[in-house]
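>
Chains as they are written, first to last, in the working numbering: chain A, 1 to 148; chain B, 149 to 296.
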């Protein structure tokens, strides 16, 4: 498929993948200092005694990096990638040594009943590390323009 | 209630509120440049012709600011605020002039069957601007320690 993609270009089952993003302690601590200032995201020593047993990225950091990877992935949507919401799971913590990538699959497609120029896609995005471990599952609703 | 709070301290219907966070163009563009580099989050002129009709924050930015406000709110959980996931909705865009605050309510409480020292709380968090408009609804599952 060639970008940019419209609602009408997608089929249920279509898959897309992203490039990679390597995390490190500095990125994890910088995000946490601004948005999620808790010891297990900020301080490697304090994190050892926490529920995570070591420094872990904020789930919202994993989500933000996932978005960065999706925006630059093979799924280039006409007019941009716009989500109306979604469901998030973080089955395991994201660690400083993790290299993230995202695998996406189109789960559903529904034309808008009120707006004939738009449709809604349900997209499942799995964020994995270099060991194939799933760090985040996001099932999102995306608004896409239709070809007119 | 006095912090820190354990699973056993919470009741369904308990409400908490956060302080405020004032957004601006610079914050919106800085977050977008790092995590969601799309024209409607980066460029006020380009945003006018987009689905948003003007500069809007990345939904993930709204989510990250929401977490910052929750972490410093009246809901101070023993061991920290740890989410296993949740459901997100962005009913309207977050704008550069918005001042955000978060209103939280405990929707459900369930002791862990496998871990007697933990419980799970379902929390609804509404992120509103200074006009009371709801920008984000997050229903999240939080892991809390039990009093032993």
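Cβ coordinates follow ideal geometry from the N, Cα and C atoms, glycine included.
Just the C-alpha distance for residue 203(B) and residue 188(B), rounded to the nearest angstrom, thanks.
5 Å
> List, in order along the chain, the chain B residues whose C-beta lies closer than 9 Å to that of residue 87(A)?
233, 234, 235 and 236
> Comparing alpha-carbon positions, which option in 14(A), 140(A) and 146(A) lies nearest residue 87(A)?
Residue 140(A) is the option with its Cα nearest to residue 87(A).
> Cutting at 7 Å between CB atoms, please list the residues of its own chain near residue 295(B), excluding the five before and the five after it.
154 and 156
> For a cutoff of 8 Å on Cβ pairs, would you count residue 230(B) as touching chain A?
yes
> Are residue 253(B) and residue 272(B) closer than 8 Å when you measure CB to CB?
yes
> For residue 165(A), collect the residues of the same chain with a Cβ closer than 6 Å to its Cβ; drop the 5 residues on either side in sequence, then sort them by chain order.
What the structure shows of chain A is the stretch from 1 to 148, and residue 165(A) is not part of that stretch, so it cannot be assessed.
> What's the C-alpha gap between residue 49(A) and residue 227(B)?
Cα to Cα, residue 49(A) sits roughly 10 Å from residue 227(B).
> DSSP three-state label for residue 44(A), please.
The answer is helix: DSSP assigns residue 44(A) an H, G or I state.
> Could you name the residues of chain A that residue 213(B) contacts, counting a contact when the two beta carbons are closer than 8 Å?
35
> In angstroms with no decimal places, state the Cα-to-Cα distance between residue 191(B) and residue 52(A).
Roughly 38 Å separates the two Cα atoms.
> Ordered along the chain, which non-local residues of its own chain (more than five positions away) have a Cβ less than 6 Å from that of residue 231(B)?
288 and 290
> Give the straight-line distance between the Cα atoms of residue 64(A) and residue 237(B), rounded to the nearest whole angstrom.
16 Å
> Go through the stretch 80-117 of chain A residue by residue and report every complete run of the beta strand (DSSP E) that reaches 3 residues or more, in order.
82-89 and 99-111
> Give me the Cα-Cα distance between residue 34(A) and residue 218(B), rounded to the nearest whole angstrom.
In a straight line, the C-alpha of residue 34(A) is about 13 Å away from that of residue 218(B).
> In whole angstroms, give me the CA-to-CA distance for residue 220(B) and residue 128(A).
30 Å
> Please go through the stretch 2-26 of chain A and give each complete beta strand (DSSP E) segment of 3 or more residues, from N-terminal end onward.
15-22
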